[in-house]
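Single-structure report; data block below.
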Amino acid sequence: MKRCARCLLVQYCSKECQRLSWKATHKQNCRIHPSRVSSDDPNKQPPKSENPMEIITQRVDDEIDRTLFRWLEAWRDCFRHWAVISLDLANHPPDRVVTHCMQLIIERAHFDFSGDPAKQYKVVEGSVVAISDVKAQYPDLVVNIDPTNFSFLRWVIILRDPLGGMWKLRMHHWHERRIGLFRQMGKEMSAGLSGEWALLLRAAVNSARAPAAVMKMLNGERPWDPILLRECPASLVSLDVI
1 MKRCARCLLV
11 QYCSKECQRL
21 SWKATHKQNC
31 RIHPSRVSSD
41 DPNKQPPKSE
51 NPMEIITQRV
61 DDEIDRTLFR
71 WLEAWRDCFR
81 HWAVISLDLA
91 NHPPDRVVTH
101 CMQLIIERAH
111 FDFSGDPAKQ
121 YKVVEGSVVA
131 ISDVKAQYPD
141 LVVNIDPTNF
151 SFLRWVIILR
161 DPLGGMWKLR
171 MHHWHERRIG
181 LFRQMGKEMS
191 AGLSGEWALL
201 LRAAVNSARA
211 PAAVMKMLNG
221 ERPWDPILLR
231 ECPASLVSLD
241 VI
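full-length UniProt numbering numbers the first residue of the sequence shown as 1 and each following residue consecutively.
Below is the structure:
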């Protein structure tokens, strides 16, 4: 997963995707992240050393960035799968993917940066939100959407600080090649899965299960762990056709 090194807000599924987005629109809209802006020139990054406390703060911030990047990379395929399921595409018009997205609110699971990258953060809440609401709430987040591209999806991650405020904000977007399968899914199955995805995602990510094992469950390659299903009282159907 690639991330814009200037704004630190937008993530891409590949280097090619990042390059195309930069040339198309992101180059004109990208602004240096506030944590990286020079006090002398808003278009430049500050010197490495100006204040000892700032250095410490920046190091912690950079470590959070690194661990968050690795955590998102570990769960990328699972989150993509859940992001599509959450939209209930079989029961909504095609433009659902450009008007709404999955949003996850997460927190640090602990402050041991040397632990398993996939277990550095825990999911507190998952929901489907209107992208217009995300843009209104976080105006610094640059969101470039082609309203005619119904195979390009996105999700939003909000990392809360210990006081409950927003610490980090990330948006990931990608081209979903299997989207037709989700749109052609039975309406009842699609509605059922979209009503349960947040509970199952939180249970899986916050458990000791590895992302690869969870992905196999999502793909129907192995049965769901009964311990995880206890978090989801409704009946779950594995997507062995996807």
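C-beta atoms are modelled at their ideal positions from N, C-alpha and C, and glycine is treated no differently.
A distance below 8 angstroms separates the beta carbons of residue 130 and residue 99. In this structure, residue 10 places its C-beta atom within 8 angstroms of the C-beta atom of residue 26.
Residue pairing by DSSP places residue 124 in no beta bridge whatsoever. Leaving aside the five residues that flank residue 123 on each side, the residues in its chain whose CB is nearer than 8 angstroms to its CB run, in chain order, 104, 105, 106, 201, 202, 205, 206.
Between residue 154 and residue 78, the C-beta gap is not smaller than 8 angstroms, which leaves the two residues out of contact. Nearest neighbour of residue 31 by Cα position, chosen from 109, 8, 121, turns out to be 8.
For residue 103, the uninterrupted beta strand (DSSP E) segment begins and ends at 100 to 108.
Shortest Cα-Cα distance from residue 114 to any of 71, 190, 165, 143 involves 71. Rounded to the nearest angstrom, the gap between the Cα atoms of residue 74 and residue 67 is 10 angstroms.
Rounded to the nearest whole angstrom, the CA to CA distance from residue 229 to residue 134 is 31 angstroms. Nearest in C-alpha terms to residue 83, of all of 21, 97, 20, 227, is 97. Of the candidates 162, 150, 184, 150 places its Cα closest to the Cα of residue 173. Bounds of the alpha helix (DSSP H) holding residue 229 are 226 to 229. Inclusion of residue 186 and residue 90 in the CB contact set at 8 angstroms is warranted, their separation being smaller than that value. Contact check for residue 81 against residue 218 passes: the beta carbons are separated by less than 8 angstroms.
Within the same chain, Cβ atoms closer than 6 angstroms to the Cβ of residue 94 are found at 150, the five residues on either side in sequence being excluded. The C-beta distance from residue 170 to residue 157 rounds to 4 angstroms, short enough to fall under 8 angstroms. Counted as a single uninterrupted DSSP element, the alpha helix (DSSP H) harbouring residue 214 occupies residues 211 to 218.
In the three-state DSSP reduction, residue 11 falls in the strand class (E or B).
Each of 146, 61, 212, 184 was checked against the Cα of residue 159, and the nearest Cα belongs to 61. Boundaries cannot be given for residue 177, as no beta strand (DSSP E) includes it and DSSP labels it neither H nor E. For a cut-off of 8 angstroms, the C-beta gap from residue 197 to residue 86 is around 5 angstroms, short enough to register as a contact. Distances from the CA of residue 121 to each of 161, 20, 28, 226 were compared; the closest alpha carbon is that of 161.
Looking at 28, 92, 63, 140, the one whose alpha-carbon comes closest to that of residue 188 is 92.
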